[in-house]
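Student:
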Amino acid sequence: DTEVTQTPKHLVMGMTNKKSLKCEQHMGHRAMYWYKQKAKKPPELMFVYSYEKLSINESVPSRFSPECPNSSLLNLHLHALQPEDSALYLCASSQGPDRAGANVLTFGAGSRLTVL
Amino acid sequence: AQTVTQSQPEMSVQEAETVTLSCTYDTSESDYYLFWYKQPPSRQMILVIRQEAYKQQNATENRFSVNFQKAAKSFSLKISDSQLGDAAMYFCAFNNAGNMLTFGGGTRLMVKP
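As they're listed, the protein sequences go chains A and B. Letter by letter, the first sequence follows residues 3 to 118 of this note's numbering. Letter by letter, the second sequence follows residues 142 to 254 of this note's numbering.
1) From the DSSP output, read off the bridge partner residues of Tyr234 of chain B.
2) Against Arg184 of chain B, what residues of chain A qualify as contacts under a CB-to-CB distance less than 7 Å, listed in chain order?
3) Identify every run of the beta strand (DSSP E) within the stretch 24-110 of chain A, keeping only runs that are complete inside it and at least 3 residues long; order them along the chain.
4) Would you say Phe232 of chain B faces chain D, with C-beta separation under 9 Å as the test?
5) Any residues in the stretch 186-201 of chain B with a beta carbon nearer than 8 Å to a beta carbon of chain A? Which ones, in chain order?
6) Buried or exposed: Val207 of chain B, going by 16 or more other Cβ atoms within 10 Å of its Cβ?
7) Compare the C-beta of Asn203 of chain B against all C-beta atoms of chain A and say whether one is closer than 9 Å.
8) Given this structure, state the Cα-to-Cα distance separating Gly226 of chain B from Glu193 of chain B, to the nearest angstrom.
9) What does Leu47 of chain A touch in chain B if you count any residue whose Cβ is under 8 Å from its own?
10) Tell me Ala229 of chain B's beta-bridge partners as DSSP assigns them.
11) Anyone know if the C-beta pair for Val189 of chain B and Phe176 of chain B falls short of 9 Å?
12) Rounded to whole angstroms, what's the CA-CA distance from Ser67 of chain A to Gln149 of chain B? Just pull it up for me.
13) What is the rounded straight-line gap between the Cα of Ser88 of chain A and the Cα of His81 of chain A?
14) Work out the CA separation of Met48 of chain A and Ile58 of chain A for me, nearest whole Å.
15) Give the range of the beta strand (DSSP E) segment to which Met186 of chain B is assigned.
16) Is it buried or exposed, Glu26 of chain A, if we count other Cβ atoms within 10 angstroms and call 16 or more buried?
17) Between Phe176 of chain B and chain A, is the shortest Cβ-Cβ distance under 9 Å, so that the two count as touching?
18) Examine chain A for any beta-carbon lying closer than 9 Å to the beta-carbon of Gly247 of chain B, and answer yes or no.
19) Check for me: the beta strand (DSSP E) holding Gln8 of chain A runs from which residue to which?
20) Closest by CA to Gln97 of chain A, which one among A:Lys21, A:Gly30, A:His12 and A:Val14?
Here's what the structure looks like:
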């Protein structure tokens with residue numbers, strides 16, 4: 003299995019809703035990432051987990067709450083989002099931080115989020 | 142902090158022709174890695190090619206090759222024999238030893254039949 007699977011593919015939510023995005027990989031990768039991508043822009047890093055521990059938080063608002071229950075699964079919990087949070091959310095994984103610079107990130111197909 | 146610049150927002154190429162996408166970067170690091178990712182309308186980011194900074198030889202992957210000029214901090218992507226399926230957004234990316242991947246602004250490549 004060489005894929006990163008993200009669900010749901012599309013999500014529409016109101017500003018008062020609570021929802022979650024899910025990401026799964028079975029490649030034995032030990033680093034997982036959340037990126038946010040606005041239309042016609044490059045992905046922006048949000049969070050990095052290494053060995054199931056949060057290692058990087060790029061000053062993301064607390065209405066985004068990441069969770070890494072195990073080495074294969076990464077969640078992004080969403081609460082009280084704003085319309086400007088509408089974007090494509092990409093999950094990625096890589097082998098791990100031991101040779102971080104050499105790591106190739108494998109991306110999922112993304113979850114398209116619309117906040118009304 | 143590292144920066145990655147792609148100066149061509151859009152490029153077009155005739156099918157079967159060759160096109161070169163430009164990328165420059167700025168870093169004080171000596172050990173780093175450079176990547177080209179492709180993002181078609183299906184949204185999935187796909188690795189096209191990667192280059193280790195310590196290697197002088199330019200990386201190649203079938204129809205894709207890079208021209209890596211370390212002193213000039215330049216990392217261009219050449220696509221030979223362009224195909225309709227090559228149409229996509231192409232992102233140049235830089236990765237140092239800290240798990241951080243920095244992307245350029247992207248170049249939209251259109252392939253004309």
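C-beta: ideal position from N, C-alpha, C; glycine also. Keep in mind the model is a prediction, meaning the values are calculated, not measured.
Tutor: With the given structure in hand:
1) For the purposes of this step, residue 234 of chain B is taken as the residue at position 93 of the second sequence. Correcting the residue type first, residue 234 of chain B is Ala in the shown sequence and not Tyr. In the DSSP output, where bridge partners are listed per residue, Ala234 of chain B has B:Phe176 and B:Phe244.
2) Indexing the second sequence from 1 puts residue 184 of chain B at position 43. Those are Leu90, Ala111 and Gly112, listed as they occur along chain A.
3) 33-39, 46-52, 55-59, 66-72, 75-81 and 89-96
4) Absent from the structure: chain D. Protein chains present are A and B.
5) Along the stretch 186-201 of chain B, going in chain order, the ones with a CB nearer than 8 Å to a CB of chain A are Met186, Ile187, Leu188, Arg191 and Glu193.
6) On the second sequence, position 66 is the one that residue 207 of chain B refers to. Result: buried.
7) To locate residue 203 of chain B, count along the second sequence from 1; it is residue 62. It does not: the Cβ of Asn203 of chain B has no partner Cβ on chain A nearer than 9 Å.
8) As a working mapping, residue 226 of chain B is identified with position 85 in the second sequence. As a working mapping, residue 193 of chain B is identified with position 52 in the second sequence. Rounded to whole angstroms, Gly226 of chain B to Glu193 of chain B spans 27 Å at the Cα level.
9) Residue numbering aside, residue 47 of chain A sits at position 45 when the first sequence is read from its first letter. Within 8 Å Cβ-Cβ: Met241 and Leu242.
10) Here residue 229 of chain B corresponds to residue number 88 of the second sequence, with the count starting at 1. The partner list for Ala229 of chain B (beta bridge, DSSP) reads B:Leu250.
11) Your numbering for residue 189 of chain B matches position 48 in the second sequence. Your numbering for residue 176 of chain B matches position 35 in the second sequence. Yes; because the gap between Cβ atoms is below 9 Å, this pair is in contact.
12) The sequence position of residue 67 of chain A within the first sequence is 65, counting from 1. The sequence position of residue 149 of chain B within the second sequence is 8, counting from 1. Going by the C-alpha atoms only, they are around 36 Å apart.
13) Within the first sequence, residue 88 of chain A is the residue found at index 86, counting from 1. Within the first sequence, residue 81 of chain A is the residue found at index 79, counting from 1. Distance between the alpha carbons of Ser88 of chain A and His81 of chain A: 13 Å.
14) For the purposes of this step, residue 58 of chain A is taken as the residue at position 56 of the first sequence. For the purposes of this step, residue 48 of chain A is taken as the residue at position 46 of the first sequence. Between Ile58 of chain A and Met48 of chain A, the C-alpha separation is close to 8 Å.
15) In the second sequence, residue 186 of chain B corresponds to position 45, counting from 1. Unbroken run through Met186 of chain B: none, as it is neither H nor E.
16) For this step, residue 26 of chain A is matched to residue 24 along the first sequence. Buried, since its Cβ has 16 or more Cβ neighbours within 10 Å.
17) One-based indexing of the second sequence puts residue 176 of chain B at position 35. Yes - at least one Cβ of chain A is within 9 Å of the one on Phe176 of chain B.
18) On the second sequence, position 106 is the one that residue 247 of chain B refers to. Gly247 of chain B counts as touching chain A.
19) One-based indexing of the first sequence puts residue 8 of chain A at position 6. Element bounds for Gln8 of chain A: Val6 to Thr9.
20) As a working mapping, residue 97 of chain A is identified with position 95 in the first sequence. When only C-alpha atoms are compared, the closest one is A:Gly30.
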